[in-house]
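So the sequence shown is numbered by our numbering: it starts at 52 and just counts up by one.
For glycine and all other residues, C-beta sits at the position ideal for the given N, C-alpha and C.
First comes the structure, then the notes that go with it.
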Amino acid sequence: MPILQKAQGRLGYLPREAMLEIAAFLNIPAIDVYGVVTFYNQFRLNPPGKHSIRVCLGTACHMKGGYITLDAWKRRLEIGEGETTPDREFDLDTVACVGCCTMAPVSVVDDQPEGKVEPTKVDGILLRFELEREAEEQIEE
52 MPILQKAQGR LGYLPREAML EIAAFLNIPA IDVYGVVTFY NQFRLNPPGK HSIRVCLGTA
112 CHMKGGYITL DAWKRRLEIG EGETTPDREF DLDTVACVGC CTMAPVSVVD DQPEGKVEPT
172 KVDGILLRFE LEREAEEQIE E
């Protein structure tokens, strides 16, 4: 596990080539490495997006509509859980609890907890990224 964690830390995910190299280094079948990677949800098989979105589905968030929030992110980004948008701008995952239960439902956006995230707030969060991107483009011109 530590070698897989270290490889993912460096690469951001575990591509096929990395898993093959790890299997050869450990002298074990590549299918065994793949089995571990696909069993534990901490490992990614695809490159992460520029921005990460983690939707909390812990007890408090679940009770306050965490799954509704997750569905809103999925619809708005047009991706599923564990996926990255085609432009590699966003990736979407779930977490069991982020420890911000009083703010439920919570989405963690680029390591910053966003509280009381209902479907309408999803659009506002994404608009913020869109405005930041437009501002960066204007500065570059």
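Tell me residue i's beta-bridge partners as DSSP assigns them.
i    : result
H113 : According to DSSP, which records beta bridges pairwise, H113 is partnered with nothing at all.
Q163 : V160
T145 : V106
T135 : D142
Using only the alpha-carbon positions, how far apart do residue i and residue j sit?
i    : j    : result
K101 : P164 : 17 Å
Y118 : V87  : 27 Å
P170 : A123 : 5 Å
G63  : C152 : 28 Å
P90  : I82  : It is worth fixing the name first, because residue 90 is Phe in this sequence and not Pro. For F90 and I82, the distance between alpha carbons rounds to 12 Å.
D144 : A186 : 27 Å
I73  : K115 : 42 Å
Is it buried or exposed for residue i, if we count other Cβ within 10 angstroms and need 16 for buried?
i    : result
D138 : exposed
I54  : exposed
M52  : exposed
L128 : buried
G109 : buried
I190 : exposed
D142 : buried
If we call anything under 9 Å between Cβ atoms a contact, is residue i one with residue j?
i    : j    : result
V160 : I104 : yes
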